[in-house]
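Asks: Sharing a structure, written as structure tokens. Questions coming.
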């Protein structure tokens, strides 16, 4: 019975499903001076959703919840996701919890899983918790500032030391959020600030996920890992050639580690090409997926990893919960032999539903933004080149997160050559051109809201590109400049 433990949920202000709660306290063990005991409690979805039932089959079919700007398509019925399973403030809820002990240096010493009954002491928003730590508590955070929030932040400082030593891949790519008007149209697009409160929850969840994978492996229990393969040597070589065009060196041949990527990112921090290098490093990475076979998680720099902390919205986490229940003898609702035998097929299925959800979310955002900008034909915008092909340039409007296309046929004044290595189009005669991540000014020419597509005209003159003449023989394509074709449009997915 953990109902007296002051676990709190920290989520987006508009969240309706709360599947994780956290608590931290200094470790009182004299053998672990300066250490911390971090607790993560997760909604016990397995108590409600049993394998093979109609509810379970539908959850597997969906694979995950899908989050659109105007609504959520939940993996589970809202009665379960937003009510019965959700760790609502002041209400008794079953949970599967992990208690982890870390040294002062952030090294995990031990952990244990427990099936408990809990009661959330407070439902907090990220901004609310952060404001309290920054010295502006409110009527809810004030009473728990010293007893709950400050120990959480102290615990995060310790976990962060471990993270810094581990050196996961640290890409800096801002995310955007669409805010809608009551009628469902776009009001504005914002870039939410990434707070320490976000990072705290992220690191607590990562450590809980690691503990789940370690426990299941130690118990020889079948599970679905969250795996992320290292970049292929071919992608590494392509990245190396590109970085050379920027005067950045990269060792040839050997498999790179996340720390080496971080070294490159640190060298360009604050430079004009910082965004460009972050974008290209991201594109060199593999896509994470689910698998019953462990290959580690390259991006997080972890040997083993599983998804445990979001069973309300991800079926993979529900599988891990069932595995823990079975392996540790925590009661009914554990992984059955029949389910364990199907994990390879299930992993393929839920990897596919995740990709499907991501594509649907992107397409919806594209259509909303296109409809929002449809009334601004002929307006000028600041943009960034987000993709380069021999057919033309993809550009993104940073203010809106919107993507559009500039056909190469509309780039006047030269014959443009596509240099795949340098991610650029350069003029055969002038040597000037455009490169991935360049900041440019564009004019909106055409919008197709239903397709989420926009076409732009380039207003910025081409710039000198180092090595463009030298790259001529490596060029993969060539296009002749001509007059604008009104029907041309495209977008990058």
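In the working numbering, the protein residues as written are 1 to 493. Ideal Cβ positions, reconstructed from N, Cα and C, are used throughout, including at glycine.
(1) Going by alpha carbons, who is nearest to residue 235 out of 224, 254, 226 and 246?
(2) Is the beta carbon of residue 36 closer than 8 angstroms to that of residue 44?
(3) Would you kindly report the start and end of the unbroken beta strand (DSSP E) that includes residue 446?
(4) Can you tell me which of 364, 32, 383 and 320 puts its alpha carbon nearest to the alpha carbon of residue 71?
(5) Between which two residues does the alpha helix (DSSP H) holding residue 190 run?
(6) Of the residues 170, 408 and 256, which one's Cα is nearest the Cα of residue 269?
(7) Identify, in the order they occur along the chain, each residue of the same chain with its Cβ nearer than 6 angstroms to the Cβ of residue 111, setting aside the five sequence neighbours on each side.
(8) Under three-state DSSP, which class holds residue 424?
(9) Smallest Cα separation from residue 318: which of 19, 118 and 414?
(10) If we count the other Cβ atoms within 10 Å of its Cβ and call it buried at 16 or more, is residue 480 buried or exposed?
(11) I'd like the span of the alpha helix (DSSP H) that includes residue 215, first residue to last.
(12) Three Cβ pairs or more, each shorter than 8 angstroms: is that satisfied between the stretch 295 to 308 and the stretch 218 to 230?
(13) Let me make sure I understand the geometry here. Which of 141, 1 and 353 has the alpha-carbon closest to that of residue 94?
(14) Distance, Cα to Cα, residue 218 vs residue 285?
(15) In its own chain, which residues sit with a C-beta less than 8 angstroms from the C-beta of residue 464, not counting the 5 before and 5 after it?
(16) Candidates 370, 458 and 316: which alpha carbon is nearest residue 339's?
(17) Have a look at 388, 437 and 295 and flag the residue whose alpha-carbon is nearest the alpha-carbon of residue 416.
(18) Indicate whether residue 395 and residue 442 have their beta-carbon atoms separated by less than 8 angstroms.
(19) Check the DSSP bridge columns for residue 179 and list the partner residues they point to.
(20) For residue 273, which residues in the same chain have their Cβ closer than 8 angstroms to its Cβ, ignoring the five residues on either side in sequence?
(21) Within this structure, are the beta carbons of residue 368 and residue 113 separated by less than 8 angstroms?
(22) Using the Cα positions of residue 5 and residue 424, report the straight-line distance between them to the nearest angstrom.
(23) What is the DSSP secondary structure of residue 42, counted as helix, strand or coil?
(24) In or out: residue 74 buried (at least 16 other Cβ within 10 Å) or exposed?
(25) Whole angstroms are fine: how far does the CA of residue 7 sit from the CA of residue 312?
(26) Please state if the CB of residue 222 and the CB of residue 151 are separated by a distance shorter than 8 angstroms.
(27) Using three-state DSSP, classify residue 383 as helix, strand or coil.
(28) Applying the 10 Å Cβ sphere with the 16-neighbour rule, what's the burial state of residue 79?
(29) Buried or exposed: which applies to residue 53, given that a residue is buried once 16 or more other Cβ atoms fall within 10 Å of its Cβ?
(30) For residue 287 and residue 204, I'd like the C-alpha separation in whole angstroms.
Replies: Checking against the coordinates, here is how it stands:
(1) Translated into positions along the chain shown, residue 235 becomes position 235. Measuring from the Cα of residue 235, the nearest candidate turns out to be 254.
(2) The count along the chain shown starts at 1 and reaches residue 44 at position 44. The count along the chain shown starts at 1 and reaches residue 36 at position 36. Their beta carbons are not under 8 angstroms apart, which means residue 44 does not touch residue 36 by this criterion.
(3) Position 446 of the chain shown holds residue 446. Its beta strand (DSSP E) spans residues 439 to 448.
(4) Here the question's residue 71 lines up with position 71 in the chain shown. The option with the nearest alpha carbon to residue 71 is 364.
(5) Within the chain shown, residue 190 is the residue found at index 190, counting from 1. Run containing residue 190: none in the alpha helix (DSSP H); it sits in the beta strand (DSSP E), 186 to 190.
(6) As a working mapping, residue 269 is identified with position 269 in the chain shown. When each option's Cα is compared against that of residue 269, the closest is 170.
(7) Here residue 111 refers to the residue found at position 111 of the chain shown. Excluding positions up to five away in sequence, the list reads 98, 100 and 211.
(8) Walking along the chain shown from the start, residue 424 turns up at place 424. Under the three-state reduction of DSSP, residue 424 is assigned to strand.
(9) Mapped onto the chain shown, residue 318 falls at position 318. That would be 19, whose Cα lies nearest to the Cα of residue 318.
(10) Locating residue 480 in the chain shown gives position 480, counting from the first residue. Bear in mind that the predicted position of residue 480 carries a pLDDT of just 41, short of 50, making it too unreliable to give a figure here.
(11) Locating residue 215 in the chain shown gives position 215, where the first residue counts as 1. Here the alpha helix (DSSP H) through residue 215 covers 196 to 218.
(12) A contact exists between the stretch 295 to 308 and the stretch 218 to 230.
(13) Mapped onto the chain shown, residue 94 falls at position 94. Out of 141, 1 and 353, 1 has the C-alpha closest to the C-alpha of residue 94.
(14) Within the chain shown, residue 218 is the residue found at index 218, counting from 1. Within the chain shown, residue 285 is the residue found at index 285, counting from 1. Distance between the alpha carbons of residue 218 and residue 285: 30 angstroms.
(15) Residue 464 sits at position 464 when you count from the first residue of the chain shown. Same-chain partners within the cutoff: 431 and 432.
(16) The residue labelled residue 339 in the question sits at position 339 within the chain shown. Selected option, being the one with the closest Cα: 316.
(17) Translated into positions along the chain shown, residue 416 becomes position 416. Considering only alpha carbons, the answer is 388.
(18) Working through the chain shown from its first residue, we reach residue 395 at position 395. Working through the chain shown from its first residue, we reach residue 442 at position 442. Residue 442 is positioned such that its CB atom lies closer than 8 angstroms to that of residue 395.
(19) Reading the chain shown from its first residue, position 179 is the one you call residue 179. Residue 179 is bridged to 188.
(20) On the chain shown, position 273 is the one that residue 273 refers to. The answer, listed in chain order, is 246 and 437.
(21) The sequence position of residue 368 within the chain shown is 368, counting from 1. The sequence position of residue 113 within the chain shown is 113, counting from 1. The answer is no: Cβ separation not under 8 angstroms.
(22) Taking the chain shown and counting its residues from 1, one reaches residue 5 at position 5. Taking the chain shown and counting its residues from 1, one reaches residue 424 at position 424. Taking the straight line joining both Cα atoms gives about 57 angstroms.
(23) Taking the chain shown and counting its residues from 1, one reaches residue 42 at position 42. Reduced to three states, the DSSP call for residue 42 is strand.
(24) The count along the chain shown starts at 1 and reaches residue 74 at position 74. Buried.
(25) In the chain shown, residue 312 corresponds to position 312, counting from 1. In the chain shown, residue 7 corresponds to position 7, counting from 1. One alpha carbon belongs to residue 312, the other to residue 7, and they sit about 18 angstroms apart.
(26) Taking the chain shown and counting its residues from 1, one reaches residue 151 at position 151. Taking the chain shown and counting its residues from 1, one reaches residue 222 at position 222. With contacts defined by Cβ atoms closer than 8 angstroms, residue 151 and residue 222 do not form a contacting pair.
(27) The residue given as residue 383 occupies position 383 in the chain shown. Residue 383 falls in the strand class under three-state DSSP.
(28) Position 79 of the chain shown holds residue 79. The residue in question, residue 79, is exposed, as its Cβ has fewer than 16 Cβ neighbours within 10 Å.
(29) Translated into the one-based positions of the chain shown, residue 53 becomes position 53. By the beta-carbon neighbour count (other beta carbons within 10 angstroms, threshold 16), residue 53 is exposed.
(30) Locating residue 287 in the chain shown gives position 287, where the first residue counts as 1. Locating residue 204 in the chain shown gives position 204, where the first residue counts as 1. Using only the alpha carbons, I get a separation of about 23 angstroms.
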